[in-house]
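In our numbering, the protein residues as written are 855 to 1310.
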């Protein structure tokens, strides 16, 4: 462990030495719990809206869900890309480069977030109309999405703070801050929606406030306990190589997430044309899909940090073993989830939606039961992509996003008009198979990993 790392030993996991699967799991557990709480307050938004405000308001949130995912995907992609550089610097043991990467991340990230806020705010309502959002819910949808758009910088700051902590091996403290903000979000939901009658606008305000609290808590902790992440004035001086790496990695992941999200917006276009009840059913099913995806997402973040740190330390053999462990984890998760959803999908959709409409329950159930077996493919896809990014690849992971983008266009134009919601349910699983094949091919052909396999 480096001297810098010893200053923040609480909650930190040593990914450069010792058993690999153990390190991946220990690091992933707090991330998984974080995802549970994050999804919990997202689901509570949905449940409170569905139970208190009804199907129309639930559909309003669902109709702008793809836009919300785009904004969050932008913030997450940019922050995750930037913190990959921090993780590699940490793995190499260079404390000065860690601080430079943090300084550069702040400049690039906050500037980009501000620009996206302006563009997003003025383009939001025309985009909702372009997506054929039903007239009876478009105003509610706009009121929810506008809040998130205006405070996009808060979303980015939240993801950057958490990502920087994880980059140095600490996944525990971001969990602590998230638990506090999740509880706050639930309380604010109940206050704004159930007591103050603020409607779906209140759900958006509650989310922004809770994220802001998490940011403040994380910053206080960093200044108090993690000085290695606090850059001084000299670290803000332009370093051409560092900024080139940050821009390439950050913008590569940002563009990748944005392409994926635009594809999702296009898919939402196809769903919105099916009516309010179909939108509500898909929204409920999608919420539960995100919940069951959390173990795989936690392993993906763990894998990304592991690969980035070990690339910095030039330990290719450990990267190969990491991939094998994570792929096995994905298969086991998919088996358990598929069996569970076979029996529990319909009651879960009813619980989340608060609806008794057959269209809502049938479509949400269909979506979950189709997706279940493909969680294994999704895990392989995500971990392959994050590993390529962790070792420094910027273009190849983008290709997978283009495949997803084109695939969703094809489904919206060709298959959804013919097969209706059945095509929606199969859209992403089919595309995931194509993406995973491309990414596995890239992993096999990567020169650095080829050399690592020879040494393994």
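Quick reminder that beta carbons are idealized off the backbone N, C-alpha and C, glycines included.
Every value quoted in this text rests on a predicted model; they were computed, and no experiment measured them.
Given residue 1297 as reference, the closest of 1236, 1256, 1107 once Cα atoms are compared: Ranking 1236, 1256, 1107 by Cα distance to residue 1297 puts 1236 first.
In chain order, what residues of the same chain lie with their CB nearer than 7 Å to the CB of residue 1132, ignoring the 5 residues before and after it? Within the same chain, 1125, 1213, 1217, 1275 come within 7 Å of residue 1132 by CB-CB distance, once the 5 residues on both sides are set aside.
Go ahead and pull the three-state DSSP assignment for residue 1024. Note: residue 1024 maps to strand in three-state DSSP.
Closest Cα partner of residue 1153 within the set 882, 1008, 877: Selected option, being the one with the closest Cα: 882.
What does the Cβ neighbour count give for residue 1046, buried or exposed, with the cut at 16 atoms within 10 Å? It is buried - the Cβ of residue 1046 has at least 16 other Cβ atoms within 10 Å.
At what residue ranges does the region 1165-1232 contain a whole run of the alpha helix (DSSP H), taking only runs of 4 or more? With a minimum length of 4 residues, the continuous alpha helix (DSSP H) runs that stay inside the region 1165-1232 are 1170-1207, 1212-1225.
Is the beta carbon of residue 1135 less than 9 Å from the beta carbon of residue 1215? Yes, they are a contact pair.
Taking 9 Å as the cut-off, decide whether the C-beta atoms of residue 1255 and residue 1117 are in contact. Inclusion of residue 1255 and residue 1117 in the CB contact set at 9 Å is warranted, their separation being smaller than that value.
4 or more residues per run - each alpha helix (DSSP H) lying fully within the region 878-956: When DSSP assignments are scanned along the region 878-956, the uninterrupted stretches of alpha helix (DSSP H) that are 4 or more residues long and fall wholly within it turn out to be 909-917, 919-945.
Tell whether a beta-carbon distance below 9 Å holds between residue 1249 and residue 1265. Result no, Cβ atoms of residue 1249 and residue 1265 do not sit closer than 9 Å.
Below 7 Å CB to CB, which residues in the same chain sit around residue 1280 once its five sequence neighbours on both sides are set aside? Excluding positions up to five away in sequence, the list reads 1224.
Sequence-distant residues of the same chain with beta carbon closer than 7 Å to residue 1260, five excluded per side: A distance below 7 Å between beta-carbons, with the five flanking residues on each side excluded, links residue 1260 to no residue of its chain.
So what does residue 866 bridge to, in DSSP terms? In DSSP, residue 866 forms a bridge with 1024.
Report the option in 987, 956, 1305, 885 whose CA atom is closest to the CA atom of residue 1174. Closest by alpha carbon: 1305.
Please return the same chain residues whose Cβ sits closer than 7 Å to the Cβ of residue 1227, not counting the five positions on each side in sequence. Result list for residue 1227: 1188, 1192, in chain order.
Taking the C-alpha atoms as reference points, what is the distance between residue 1290 and residue 1282? Looking at the two C-alpha atoms, the distance is approximately 12 Å.
Rounded to a whole number of angstroms, what is the C-alpha to C-alpha distance between residue 1246 and residue 872? Whole-angstrom Cα-Cα distance: 24 Å.
Determine the direct distance from the alpha carbon of residue 1180 to that of residue 990, and round the result to whole angstroms. Cα to Cα, residue 990 sits roughly 45 Å from residue 1180.
Do residue 1293 and residue 1252 count as a contact pair if the criterion is CB distance below 9 Å? No, the pair does not count as a contact, with Cβ atoms beyond the cut-off.
Could you have a look at residue 1013 and say whether DSSP puts it in helix, strand or coil? Residue 1013: helix per DSSP, three-state reduction.
Status (buried if at least 16 other CB within 10 Å, exposed otherwise) for residue 909: It counts as buried.
Where do the ends of the alpha helix (DSSP H) carrying residue 1093 lie? Secondary structure note for residue 1093: it is in no alpha helix (DSSP H), with a DSSP letter that is neither H nor E.
I need the straight-line Cα distance from residue 1090 to residue 922, nearest angstrom please. So the two alpha carbons sit approximately 32 Å from each other.
Say whether the region 926-943 touches the region 1010-1027, bearing in mind that this needs 3 or more beta-carbon pairs closer than 8 Å, one atom from each stretch. Put simply, the region 926-943 touches the region 1010-1027. At least three CB pairs are less than 8 Å apart.
Cutoff 8 Å; reference residue 906; Cβ partners in own chain excluding five residues on either side: The residues are 1047, 1048.
Is the beta carbon of residue 931 sitting closer than 9 Å to the one on residue 1148? Not in contact: residue 931 and residue 1148 (Cβ atoms no closer than 9 Å).
Assigned secondary structure, residue 1274 (DSSP; H/G/I helix, E/B strand, else coil): The three-state reading of DSSP puts residue 1274 in coil, since its state is none of H, G, I, E or B.
Got a sec, what are the start and stop residues for the alpha helix (DSSP H) residue 1266 sits in? Careful: residue 1266 lies outside any alpha helix (DSSP H) and carries neither H nor E.
Please report the straight-line C-alpha distance between residue 1086 and residue 1113, rounded to a whole angstrom. One C-alpha to the other measures close to 35 Å.
Taking all protein chains shown into account, do 16 or more other C-beta atoms lie within 10 angstroms of the C-beta of residue 1208, making it buried, or fewer, making it exposed? Here residue 1208 is buried. Its C-beta has 16 or more other C-beta atoms within 10 Å.
According to DSSP, is residue 1005 part of a helix, a strand, or is it coil? Secondary structure at residue 1005: coil, using DSSP grouped into helix, strand and coil.
Do you know offhand how far residue 869's Cα is from residue 903's? So the two alpha carbons sit approximately 42 Å from each other.
Is residue 1081 buried or exposed, if buried means 16 or more other CB atoms sit within 10 Å of its CB? By the 16-neighbour rule on beta-carbons within 10 angstroms, residue 1081 is exposed.
Identify, in the order they occur along the chain, each residue of the same chain with its Cβ nearer than 7 Å to the Cβ of residue 926, setting aside the five sequence neighbours on each side. Excluding sequence neighbours, residue 926 sits near 1009.
What residue does the alpha helix (DSSP H) around residue 873 start on, and which one ends it? Judged by DSSP secondary structure, residue 873 falls outside any alpha helix (DSSP H); it is assigned neither H nor E.
Candidates 1006, 1150, 1162, 1011, of which the one nearest residue 947 by Cα: Of the candidates 1006, 1150, 1162, 1011, 1162 places its Cα closest to the Cα of residue 947.
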